[in-house]
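For the sequence shown, counting from 1, position 21 maps to 980 in this note's numbering; every step adds exactly one.
Since the structure comes first, as structure tokens, the remarks are kept for the end.
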Amino acid sequence: MKPHKTMATASARHILVASEQECEDLKTKIEGGASFADLAKEHSKCPSGSSGGDLGTFQQGQMVPEFDKVVFNDEVGKVHGPVKTDFGFHLIEITERS
């Protein structure tokens, strides 16, 4: 039997907004103690906003490259961003990675 190569997986949540400034403002609020999930519900332009920005678990390569780069390389449990993609500007919180 060949050894089974496992793909890296991660869980994350995000907030998607139209401008870098709005992204920075929300990040400041989160760093000041505001709830990531509440801000996602209120501000995110992504359908995931209704579930607090939760994107569930996904494999490397399933998200756009700019998103993947952050999720699979940066610190877990910290809010990263603004991250610019074709969709807009994201704040990303990596909740788990394996």
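By construction, the Cβ of each residue, glycine as well, lies at the ideal position given by its N, Cα and C atoms.
Tell me, to the nearest whole angstrom, how far the beta carbon of residue i is from that of residue j; I am working on the premise that it is less than 8 Å.
i: T1044; j: S970; result: Not quite, the Cβ-Cβ distance comes to about 19 Å (not below 8 Å), so this is no contact.
i: S1003; j: G1012; result: 6 Å
Any idea what DSSP makes of residue i, helix, strand or coil?
i: A999; result: helix
i: V1035; result: coil
i: S1010; result: helix
i: Q980; result: helix
i: K920; result: Residue numbering for the chain in the displayed model covers 960 to 1057; residue 920 lies beyond these limits and cannot be assessed.
i: V1023; result: coil
i: K1004; result: coil
Given this structure, state the Cα-to-Cα distance separating residue i from residue j, to the nearest angstrom.
i: S1057; j: K986; result: 25 Å
i: G1008; j: P1024; result: 21 Å
i: G1040; j: M966; result: 25 Å
Identify, in the order they occur along the chain, each residue of the same chain with its Cβ nearer than 8 Å to the Cβ of residue i, setting aside the five sequence neighbours on each side.
i: C982; result: I974, V976, G1040, P1041, F1048, H1049, L1050
Hey, out of the options, whose CA is closest to residue i's CA?
i: Q1019; options: G1012, A996, V1030, D1013; result: V1030
Among the residues of its own chain, which have a CB less than 7 Å from the CB of residue i, if the five just before and after it don't count?
i: L1014; result: A971, R972, H973, S1007
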